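Engineer: After the structure tokens below, expect a handful of questions from me.
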Ligand SMILES: [Zn+2]
Ligand SMILES: [Zn+2]
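Residue numbers (this note's numbering): 353 to 486.
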């Protein structure tokens, strides 16, 4: 698993704290969950600050934002594209520990888009939601 780094971007103390907390977990927390984690070390931080900083960190490619339209956004301290499993019932997201060759498209086919990455998400029902244990 890759380590968390700030990619040379100067981070405020709040951003450092948010990044550090996010990198401790593999649960792909929502912004609200990140807020709960960061609040334990920075009691005065606001939810809005956490939202803005998560947007900043994901826009710079320092963290990964996962979840498309209609699903709650979740965040991943590992910014290197990797496949995910998402439960369609409870919404939990796990890393798929199975090597996949993610497709790359040649620059001339990318219609001018840059910094392309491929988000792969498999959707199913997790063991907890089908009555088992994880
Ligand atoms: Zn589930
Ligand atoms: Zn992940």
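The beta carbon of each residue, even a glycine, is placed where N, CA and C say it ideally should be.
Quick caveat, the model's predicted, so the values are computed rather than measured.
Going by Cα to Cα distance, which pick from 358, 430, 402 and 449 is closest to residue 375?
Structural biologist: Nearest option by C-alpha distance: 430.
Engineer: In this structure, what does DSSP give as the bridge partners for residue 476?
Structural biologist: According to DSSP, residue 476 bridges with 439.
Engineer: With a Cβ-Cβ cutoff of 8 Å, do residue 382 and residue 424 count as a contact?
Structural biologist: Closer than 8 Å, so yes.
Engineer: With DSSP run on the structure shown, which of helix, strand or coil describes residue 485?
Structural biologist: Here residue 485 sits in coil by DSSP.
Engineer: Can you have a look at residue 438 and say buried or exposed, based on whether 16 or more other CB atoms are within 10 angstroms of its CB?
Structural biologist: Classification of residue 438: buried, given that the 10 Å Cβ count is 16 or more.
Engineer: Go ahead and pull the three-state DSSP assignment for residue 468.
Structural biologist: It is coil, neither helix nor strand.
Engineer: Just mark residue 454 as buried or exposed, buried being the case when its beta carbon has 16 or more other beta carbons within 10 Å.
Structural biologist: That one is exposed.
Engineer: Mark residue 393 as exposed unless 16 or more other C-beta atoms lie within 10 angstroms of its C-beta, in which case mark it buried.
Structural biologist: Flag for residue 393 reads exposed.
Engineer: May I ask whether a heavy atom of ligand 1 can be found less than 7 Å away from the beta carbon of residue 406?
Structural biologist: Not under cutoff, so the answer is no.
Engineer: Helix, strand or coil for residue 353? Go by DSSP, reduced to three states.
Structural biologist: With a pLDDT of only 39 at residue 353, under 50, the local geometry of the prediction cannot be trusted, and the value read off the model is given with reservation. Correct three-state label for residue 353: coil.
Engineer: State yes or no: is the C-beta of residue 402 nearer than 7 Å to some heavy atom of ligand 1?
Structural biologist: No, Cβ of residue 402 sits at least 7 Å from all heavy atoms of ligand 1.
Engineer: Taking DSSP as the reference, what is the three-state secondary structure of residue 416?
Structural biologist: Strand at residue 416.
Engineer: What does a CB cutoff of less than 6 Å around residue 410 pick up in its chain, not counting 5 residues either side in sequence?
Structural biologist: Within the same chain, residue 410 has close Cβ partners 417.
Engineer: With a threshold of 16 other CB atoms inside 10 Å of the CB of residue 457, please say whether the residue is buried or exposed.
Structural biologist: Label assigned to residue 457: exposed.
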